[in-house]
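Heads up: the protein sequence lines correspond to chains A and B, in order.
Everything in the first sequence is counted per full-length UniProt numbering, starting at 1 for the first residue and increasing by one.
Everything in the second sequence is counted per full-length UniProt numbering, starting at 1 for the first residue and increasing by one.
The beta carbon of each residue, even a glycine, is placed where N, CA and C say it ideally should be.
Keep in mind that this is a model prediction, so the values were computed, not measured.
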Amino acid sequence: MAGGGENKLKLLGMWTSPFALRVKLALSFKGLSYEYVEEDLRNKSELLLSSNPVHKKVPVLIHNGKPICESQIIVQYIDETFPGADASLLPSDPYERAVARFWAAYIDDKLLKSWLQASMGKTEEEKAEALKETFAAVANLEAAFKECSKGKPFFGGDTVGYLDVTLGGLVSWMHAGEALYGMRLFDATRSPLLDAWVDRFGSLDAAKAVLPDAGRLAEYAKKRQAEQAAAAAAN
Amino acid sequence: MADEVILLDFWVSPFGQRCRIALLEKGISYEYSEQSLAQKSDLLLRSNPIHKKIPVLLHAGRPICESLIILEYIDETWSDKSPLLPFDNPYARSCARFWADYVDKKLFDSQTRLWKLKAGEADHEQAKRDMVETLQTLEKELGEKDYFGGDVFGFLDVVIVPFVAWFYAYERFGGFSVEEVCPRLVAWAKRCRERESVSKTISDPEKVYEFALYLKDKFGAK
């Protein structure tokens with residue numbers, strides 16, 4: 001597919017960001033080529049700051065010079081701009097689209113938020129409470145998978161859809177989290193459908209092409225934790 | 001009726017008002033159902049078991065939750081009239097969605113802190129600065145345009161306009177003049193109020209301020 005001239009795509013990202021990964025997954029499943037720019041978030045580029053002056057965050061997709069920000073908005077933009085030969089990421093029925101958008105927001109606002117708090121919370125109490133909330137969110141998402149997939153392999157049915165890409169951004173961190181804390185976000189007892197989905201999604205060629213190595217993510221997380229502990233001790 | 005439309009809502013909610021304005025713009029007849037937030041109805045709890053919040057749009061018995069999602073649903077389902085999002089311009093759509101997301105992340109949060117926190121305290125001063133910054137950012141985004149979408153009243157205008165009824169409350173709680181901070185936004189608000197869908201829907205600023213005082217009394221920092 002076109003990578004220059006008419007359809008110039010550039011993605012500003014960071015290799016550990018699950019949000020940037022979502023966009024990479026969408027581009028990969030659509031078979032689109034693009035230029036990838038790895039950002040140093042401690043030293044943000046001029047291009048990033050001028051493309052996303054409001055939030056100054058990755059990912060940013062720049063299409064023919066025009067920036068699009070916020071991972072879910074970018075994925076919808078890709079879906080609408082490059083319909084492609086295969087099924088689109090979002091369903092065509094307005095009600096099913098609303099359901100997909102609802103659970104995508106839920107993944108970020110509830111699941112991801114409490115999951116992060118469960119490992120980054122300041123007190124043991126906070127972390128325990130967040131872990132409870134995480135498991136409640138997992139249970140809701142398991143039910144959502146059942147409703148959306150209708151017995152098929154993906155949230156999108158037979159093929160990967162919007163929710164698969166949205167949740168897909170977290171897959172490598174799920175494996176890294178298991179290596180770091182011995183805790184599986186979706187396990188076979190609590191959430192068997194999602195547990196099977198993780199392996200199924202991760203084994204797709206378009207996903208394998210972009211998913212970061214979980215071992216590298218775990219090493220990165222350990223390094224960041226050590227840095228933060230040292231900084232806290234120094235103060 | 002097979003395609004009955006019901007809106008579960010709360011009178012002063014800017015999120016619910018977005019949906020009402022959209023339904024009016026599209027000329028869709030619906031049943032408005034005022035909900036009690038203190039004692040949530042079975043219908044609300046069944047329709048939105050995850051968040052238990054309004055607004056919820058019920059269409060042919062199926063619930064759609066979250067105001068921005070409801071707006072897109074309304075636009076896609078009744079696509080023959082008054083498009084809210086430009087249907088043929090993905091870039092313009094992504095810009096509208098970006099700013100709608102910004103409003104939900106920033107404006108409502110700053111507004112809540114303005115009434116909730118104690119005046120004079122450091123965190124209240126921060127809330128005021130954040131509110132001013134948010135309004136200035138929206139002012140800049142509006143620029144010289146008549147509406148956020150350009151020449152035509154659209155999605156982002158619907159998303160933001162219910163909050164104009166809160167400007168008076170911002171001034172009372174924040175001790176600043178909204179007109180001084182964002183004159184073009186104030187002019188835009190006047191322009192929007194000329195539309196029947198808006199004037200019929202958004203709350204009276206005095207009533208909004210009274211409501212915020214009630215919230216402050218009940219939930220505010222002591």
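Where residue i sits in the DSSP three-state scheme
i	result
glycine 4 of chain A	The predicted model places glycine 4 of chain A with a pLDDT of 46, which falls under 50 and marks its position as unreliable, so this point remains unresolved.
aspartate 9 of chain B	strand
isoleucine 64 of chain B	strand
histidine 59 of chain B	strand
glycine 215 of chain A	helix
glutamate 179 of chain B	helix
leucine 25 of chain A	helix
valine 37 of chain A	strand
residue 255 of chain B	The requested residue 255 of chain B is not part of the displayed model; chain B covers only 1 to 222.
glycine 16 of chain B	helix
glycine 154 of chain B	coil
tyrosine 120 of chain B	Note that residue 120 of chain B is glycine in the sequence shown, not tyrosine. Three-state result, glycine 120 of chain B: coil.
phenylalanine 82 of chain A	coil
phenylalanine 155 of chain A	coil
Limits of the unbroken beta strand (DSSP E) element including residue i
i	result
cysteine 69 of chain A	66-69
isoleucine 62 of chain A	60-63
glycine 13 of chain A	9-13
Cβ of residue i within 7 Å of any chain B Cβ
i	result
glutamate 133 of chain A	no
arginine 101 of chain A	yes
residue 236 of chain A	Outside the modelled stretch of chain A, which goes from 1 to 235, sits residue 236 of chain A, for which no answer is possible.
proline 18 of chain A	no
methionine 1 of chain A	Because the pLDDT of methionine 1 of chain A is 46, which lies under 50, any placement of that residue in the model is unreliable, and the question is left without a value.
tyrosine 162 of chain A	no
residue 250 of chain A	Because residue 250 of chain A is not part of the residues shown, which for chain A are 1 to 235, the question remains open.
lysine 66 of chain A	yes
tyrosine 95 of chain A	yes
alanine 26 of chain A	no
alanine 98 of chain A	yes
Residue i: first and last residue of the uninterrupted alpha helix (DSSP H) it sits in
i	result
leucine 116 of chain A	113-120
glycine 168 of chain A	162-168
tyrosine 214 of chain B	205-219
tryptophan 99 of chain B	90-102
glutamate 196 of chain B	196-199
arginine 101 of chain A	94-106
alanine 209 of chain A	Note, alanine 209 of chain A: premise wrong, no alpha helix (DSSP H); not H, not E.
threonine 123 of chain A	From DSSP, threonine 123 of chain A is part of no alpha helix (DSSP H); its letter is neither H nor E.
valine 164 of chain B	No alpha helix (DSSP H) contains valine 164 of chain B, which DSSP labels as neither H nor E.
serine 41 of chain B	Counting along the chain, serine 41 of chain B falls outside any alpha helix (DSSP H), and DSSP gives it neither H nor E.
alanine 179 of chain A	171-181
proline 53 of chain A	Neither: proline 53 of chain A is in no alpha helix (DSSP H) and is coded neither H nor E.
proline 192 of chain A	192-202
CB contact below 7 Å: residue i versus chain A
i	result
proline 55 of chain B	no
aspartate 101 of chain B	yes
serine 13 of chain B	no
tyrosine 30 of chain B	no
glutamate 76 of chain B	yes
arginine 62 of chain B	yes
isoleucine 69 of chain B	yes
proline 83 of chain B	no
arginine 20 of chain B	no
phenylalanine 98 of chain B	yes
proline 90 of chain B	yes
serine 47 of chain B	no
serine 94 of chain B	yes
tyrosine 73 of chain B	yes
Presumed contact (8 Å Cβ cut-off) between residue i and residue j, rounded CB distance
i	j	result
valine 23 of chain A	leucine 11 of chain A	6 Å
isoleucine 28 of chain B	valine 56 of chain B	No, isoleucine 28 of chain B and valine 56 of chain B are not in contact; Cβ-Cβ is about 16 Å, not under 8 Å.
alanine 176 of chain A	alanine 214 of chain A	5 Å
glutamine 35 of chain B	aspartate 9 of chain B	6 Å
histidine 124 of chain B	leucine 135 of chain B	Wrong, their Cβ atoms sit about 17 Å apart, outside the cutoff.
serine 28 of chain A	valine 210 of chain A	5 Å
valine 99 of chain A	cysteine 69 of chain A	Not quite, the Cβ-Cβ distance comes to about 25 Å (not below 8 Å), so this is no contact.
alanine 218 of chain A	alanine 179 of chain A	4 Å
glycine 220 of chain B	tryptophan 115 of chain B	7 Å
glutamine 111 of chain B	tryptophan 188 of chain B	No, glutamine 111 of chain B and tryptophan 188 of chain B are not in contact; Cβ-Cβ is about 18 Å, not under 8 Å.
| When Cβ atoms are compared, which residues of the stretch 74-92 of chain A fall closer than 8 Å to chain B? | Ile74, Gln76, Tyr77, Glu80, Thr81
| message | Residues of the stretch 132-153 of chain A in Cβ contact with chain B at a cutoff of 7 Å, in chain order, please. | response | Asn140
| message | At a CB distance below 8 Å, what residues from the stretch 120-150 of chain B approach chain A? Give them in sequence order. | response | Thr137
| task | Using a Cβ-Cβ cut-off of less than 9 Å, give me the residues of the stretch 104-119 of chain A that come near chain B, in sequence order. | result | Ala105, Tyr106, Lys110
| Using a Cβ cut-off of 7 Å, which residues of the stretch 44-58 of chain A contact any Cβ in chain B, in chain order? | Val54
| query | Along the stretch 189-202 of chain A, what residues have a CB closer than 7 Å to any CB found in chain B? | reply | none
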